[in-house]
Amino acid sequence: MLDEKCTPQYNYIFMVTRFVSLKGQPIHKGHCYLIRSMLDEYRQGDDIVIGIVNPYPLDTLDLSRNRKPENFYPSRNPLSYYERTYLLRHYLTSLFVAYDPKIVSSIVITPYFVPTIHSQTLMYNYLDVQINSIEYISDKDQFELGKEEELRQIGISVKFIEALRDKKGQHYSANKIRNDICNQLDTSDAFEPIILRLMESKNLFSTIRERVLERVKLEK
Numbered sequence: 020m021l022d023e024k025c026t027p028q029y030n031y032i033f034m035v036t037r038f039v040s041l042k043g044q045p046i047h048k049g050h051c052y053l054i055r056s057m058l059d060e061y062r063q064g065d066d067i068v069i070g071i072v073n074p075y076p077l078d079t080l081d082l083s084r085n086r087k088p089e090n091f092y093p094s095r096n097p098l099s100y101y102e103r104t105y106l107l108r109h110y111l112t113s114l115f116v117a118y119d120p121k122i123v124s125s126i127v128i129t130p131y132f133v134p135t136i137h138s139q140t141l142m143y144n145y146l147d148v149q150i151n152s153i154e155y156i157s158d159k160d161q162f163e164l165g166k167e168e169e170l171r172q173i174g175i176s177v178k179f180i181e182a183l184r185d186k187k188g189q190h191y192s193a194n195k196i197r198n199d200i201c202n203q204l205d206t207s208d209a210f211e212p213i214i215l216r217l218m219e220s221k222n223l224f225s226t227i228r229e230r231v232l233e234r235v236k237l238e239k
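Going by my numbering, the first residue of the sequence shown is number 20, and it counts up by one from there.
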């Protein structure tokens with residue numbers, strides 16, 4: 020079993036030109052597609068950062084100011100920050116064949132709290148990230164458009180990348196994937212091969228099922 024907590028890795032301020040925000044509960048093909056899209060558009064000198072939202076969902080946050088406070092519920096965040104980082108690091112390593120290893124290995128993965136016009140800050144606990152652009156994978160629904168406007172109001176430009184579709188023409192949904200895992204349905208098509216192997220070897224499917232069901236009971 021992977022550790023629940025992870026020691027903070029960074030304690031400084033840096034400028035970012037390419038930033039991807041994701042929750043990764045779990046890391047599915049849609050997230051991987053977004054990362055590859057960012058690498059496809061890499062320009063010399065770009066700094067690439069992957070910000071993991073809700074790194075520690077049990078931390079106290081002002082949920083009344085969040086458009087979707089249910090996203091912070093423990094039942095929607097079964098994997099720890101360390102477990103998600105573990106999966107992402109191995110996925111990035113698998114990209115060395117298709118992309119410049121120096122560029123891929125320079126990608127920073129960090130905890131991240133999505134800023135809002137209420138907080139006027141990009142700080143999450145110990146990290147202050149100064150960002151001038153952020154990239155989301157989205158269908159640009161009303162929720163995402165509202166998020167885009169909030170980010171623009173604090174000076175951050177937003178680029179939406181159209182979501183990757185599954186065999187049924189639907190975009191990959193972490194909520195649906197978690198529900199299917201809890202119902203013991205086959206979700207293998209939702210994951211890149213290396214992610215699937217790691218989740219199986221670390222028993223993360225069972226971990227997700229157990230934590231979601233356990234935390235749902237506590238939230239009732």
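Where a beta carbon is used, it is the ideal one built from N, C-alpha and C, also for glycine.
Would you mind stating whether residue i and residue j have Cβ atoms separated by less than 9 Å?
i    : j    : result
V177 : Y131 : no
K48  : E219 : no
I180 : V231 : no
I67  : S125 : yes
R228 : P93  : no
Q44  : L111 : no
E89  : L223 : no
The beta strand (DSSP E) that contains residue i, what's its start and end?
i    : result
I67  : 67-72
Y131 : 127-131
What residue range is occupied by the uninterrupted alpha helix (DSSP H) comprising residue i?
i    : result
V123 : 120-124
T206 : Premise fails: T206 is in no alpha helix (DSSP H) and is neither H nor E.
P212 : 212-220
I46  : Element bounds for I46: n/a, residue is neither H nor E.
Y100 : 100-113
Could you tell me whether any non-hydrogen atom of the ligand FAD is closer than 8 Å to the CB of residue i?
i    : result
E219 : Inclusion of the ligand FAD in the displayed structure is not the case, the ligand content being empty and no account of it being possible.
Near residue i, what residues of its chain come up, given a Cβ to Cβ distance below 6 Å and the 5 sequence neighbours on each side ignored?
i    : result
I128 : I69, T104, L107
Y118 : L58
F33  : Confidence at F33 is low in this model, with a pLDDT of 39, below 50, so its placement is unreliable and the value that follows should be read with caution. No residues qualify anywhere along the chain.
K42  : V72, N73
E167 : V177
Between residue i and chain D, is any beta-carbon pair separated by less than 9 Å?
i   : result
L58 : No chain D is present in this structure, which holds just one protein chain.
Going by beta carbon distance, what residues of the same chain come within less than 8 Å of residue i, once the five residues before and after it are set aside?
i    : result
V290 : The structure shown has nothing for residue 290, since the chain only spans 20 to 239.
L217 : Y105, L106, H109, L223
Would you please state the rounded distance, in angstroms, between the beta carbons of residue i and residue j? I believe it to be under 8 Å.
i    : j    : result
K186 : D208 : 7 Å
By Cβ distance, which residues of its chain are closer than 7 Å to residue i, with the 5 residues on each side in sequence left out?
i    : result
L215 : S207
I213 : H109, Y110, S113
Exercise. Does the pairing of the segment 49-59 with the segment 194-202 give three or more beta-carbon distances under 8 Å?
Worked result: no
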